[in-house]
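Protein chains in written order, with the working numbering: chain A, 19 to 515; chain B, 514 to 781.
Ideal Cβ placement from N, Cα and C applies to all residues, glycine included.
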């Protein structure tokens, strides 16, 4: 263990010399045009102060596209040629996302990224994507989606599982008080009681003999923020009516709906839940419903204070997996959740995603004048990772300001926001042997009934989240997995690829 | 070993060195403590040493070794930030890495002392890179609809599907083209014709409008035009509403009247 520790620590020192302030958010996509002659899609992309320290430590914008022909009725995935893409930025690159699925030689995702040191300023570029020549476009409409991603460093592939104290934790095979150490060069981990084995104090144990590296190693790129309400709305608006009806709680199959706030299945915004996803009370007689955000409840869609940037709650495991499959992403599992929280740092007993066991016990308030807006912030900034907010959930990234650090912003070892705090992360529960099988990345399509079509297991469990106490420590493993279809005010999630 | 034998051994070793050295630096000859070429044996061997070992105290492996041992007077100064990468290996009294083996990670995580090369401030500086925030979030979307052509097959009504190609009534995602040589040109009677994106839809919508040469667009006495994007007039546009806000360019709105085209303000 000498060399990995030495190497990791070297990296820590290297990064310690980089004190640039980074405000990586406010992703924008605009001015999309389609060149029918060249079969290219052109658009502007920008985000504020992305960072590139090395190929292992950077963020980027993941881009995927849906289209609908004028003589068609459904939104379909767009695939991209392997080459032929361009941008006009001197500091940024634009090309296929090499970790996204390769389908018949075409890529599902694109990415805007840096390849040399970049640590300040706003990146902005005009990008041209070469669309797949195998797709038969006919007077197409397009929707271009962009999601900010954080790279999971290969340096961080050596990591600790379990913190020695949390309930039902993972641990080193021969010592329940010590973390299991996973080294990236290993092909798999043996389940057992030996010093190099992995084991757990969970009463269900580990139902396989070995745990493969692809289960232990998180995807290369993880969403920086939890899925937002606008993200979920735009997903719903790309589905057929049957699929829409299955991805919301209210019954939207008819021509009217009594509870237009479709996730909470209520007629108005339900109390503290802050879920503003809704539709009109009168629905079309056939064809898809148009959903929008209306947190302020005035019936006017998508106003500045309608909560588009608030983490979406009231989604089930099935909702989350459908979204991720449709977006070309994949869910995390329990092990990977710990990986992306802790990185290569040593485990701290009862730690949260920000790396310490301390947390803010006082209720944190959202500044009233900013509530529901893209500028939503906390009025009484916490000293340690914010968990309890007077209004719940909150804008993703709200605790992070220009002066916060990892602890006060509540970010993970890689800079991923709110793995502890805000809504809970629904992840694959590793309680059944099928959950330890090979997993795939979403292929951009889902079934016509709105369910995912990947080989992902139907067992989920919540990690992180805002409820105080032991429940949201990084290494805590809840006793039971959740009903796959259950929606709750506390459930949300994210994915990676 | 006599001096003669030692001299013979050294001579033999030097003669063999070019044959072994570059191709396999971990192999050795007689008396070499690194006979194995596996990684595991290297780690074991590097602290073993012995007579004739090719790894003196100045080797890389002993650096690693001292990094793990720490302790008073370990040969590294305290110039943590000045010496960059090398400085990480610095130690001193109470070096926090003395016992930092894999097995003891958790127990020793919080250990430290004077000159601890793993100070929290180092970690915090690194993390500050990724822990800032501003506004909005990490998601964005933009849309473009397909271009919808006016046919005028039914009459002049904008929101009549039969007047548009494929029966598509345009939304604020659809560019619109009004061609010449159609049986009827569009005439909007009352309400807001909104061009471009706004969170409030108009009574009539499109992403942008092009009125072709020989084509017409009429907005009548109770119609208000709000242009947030682009109107290109190659033909004729008639504005019948006399109100001061009857025809507004808003935000990034742009009106282009091409050479030979006409824009009439004819209140009645």
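* Asked: Do you know how far the Cα of residue 250/A is from the Cα of residue 760/B?
  -> 36 angstroms
* Check the Cβ of residue 751/B against every Cβ in chain A and list those closer than 8 angstroms, keeping chain order. => Within chain A, no residue comes near residue 751/B; the closest Cβ sits about 29 angstroms away, beyond 8 angstroms.
* To do: Counting only the same chain and skipping the five closest in sequence on each side, list residues whose C-beta sits under 7 angstroms from that of residue 413/A.
  => 327, 328, 394
* Asked: Would you say residue 737/B faces chain A, with C-beta separation under 7 angstroms as the test?
  -> no
* Given that residue 110/A touches chain B, what residues does it touch there, using C-beta distances under 7 angstroms? -> Simply none; closest approach about 16 angstroms.
* Cβ pair count under 8 angstroms reaching 3, the region 310-317 of chain A against the region 471-482 of chain A -> no
* Closer than 7 angstroms, CB to CB, is residue 98/A near chain B or not? -> no
* To do: Examine the Cβ distances between the region 72-84 of chain A and the region 149-161 of chain A and report whether three or more of them are shorter than 8 angstroms.
  => yes
* Sequence-distant residues of the same chain with beta carbon closer than 6 angstroms to residue 62/A, five excluded per side -> 48, 49, 144
* Can you check DSSP and say which residues form a bridge with residue 384/A? => 396/A
* Might you give, ordered along the chain, the residues of its own chain that have their beta carbon closer than 6 angstroms to the beta carbon of residue 230/A, omitting 5 neighbours on each side? => 206
* Identify each residue in the region 148-161 of chain A for which the Cβ-Cβ distance to at least one residue of chain B is less than 8 angstroms, and report them in chain order. => 157, 158, 159, 160, 161
* Taking DSSP as the reference, what is the three-state secondary structure of residue 70/A? -> strand
* chain A within 7 angstroms of residue 782/B, Cβ atoms only -> What is shown of chain B runs 514 to 781, which leaves residue 782/B out entirely.
* Just the Cα atoms here: how many angstroms apart are residue 121/A and residue 464/A? -> 15 angstroms
* Asked: How far does the alpha helix (DSSP H) with residue 465/A in it reach, from first residue to last?
  -> Counting along the chain, residue 465/A falls outside any alpha helix (DSSP H), and DSSP gives it neither H nor E.
* **Cβ of residue 659/B within 7 angstroms of any chain A Cβ** => yes
* To do: Please state if the CB of residue 197/A and the CB of residue 210/A are separated by a distance shorter than 7 angstroms.
  => no
* residue 247/A burial status per 10 Å Cβ neighbour count (16 or more: buried) -> buried
* Asked: Any idea what DSSP makes of residue 778/B, helix, strand or coil?
  -> strand
* Asked: Roughly how many angstroms separate the alpha carbons of residue 220/A and residue 46/A, rounded to a whole number?
  -> 43 angstroms
* Using the C-alpha atoms, what's the distance from residue 741/B back to residue 283/A? -> 35 angstroms
* **Of the residues 353/A, 77/A, 244/A, the one placed nearest residue 170/A, counting alpha carbons only** => 77/A
* Got a sec: which bits of the region 411-424 of chain A sit with their beta carbon under 9 angstroms from any beta carbon on chain B, in order along the chain? -> 413, 414, 415, 416, 417, 418, 419, 420, 421, 422, 423, 424
* Taking DSSP as the reference, what is the three-state secondary structure of residue 291/A? -> helix
* Answer with yes or no whether the minimum CB distance from residue 240/A to chain B is below 7 angstroms. => no
* Asked: Apart from the five residues just before and just after residue 299/A, which ones in its own chain have a Cβ nearer than 8 angstroms to its Cβ?
  -> 274, 275, 276, 278
* **Cut-off 7 angstroms between Cβ atoms - residues of its own chain near residue 475/A, not counting five sequence neighbours on either side** => 446, 450, 452, 453
* To do: Check the Cβ of residue 654/B against every Cβ in chain A and list those closer than 9 angstroms, keeping chain order.
  => 47, 161, 162, 163, 164, 248, 249, 252
* Asked: Any idea which residues DSSP pairs residue 77/A with across the strands?
  -> 168/A
* For the region 299-374 of chain A, list the alpha helix (DSSP H) runs that are entirely contained and at least 4 residues long, ordered along the chain. => 335-344, 352-360
* Confirm, please, whether the CB-CB distance from residue 387/A to residue 505/A is below 7 angstroms. => no
* **Nearest-angstrom beta carbon gap, residue 133/A and residue 70/A [assumed within contact, 8 angstroms]** => 7 angstroms
* Which residue from 744/B, 720/B, 662/B puts its Cα closest to that of residue 692/B? -> 662/B
* Does residue 50/A have its Cβ less than 7 angstroms from a Cβ in chain B? -> yes
* residue 440/A - DSSP class collapsed to helix/strand/coil -> strand
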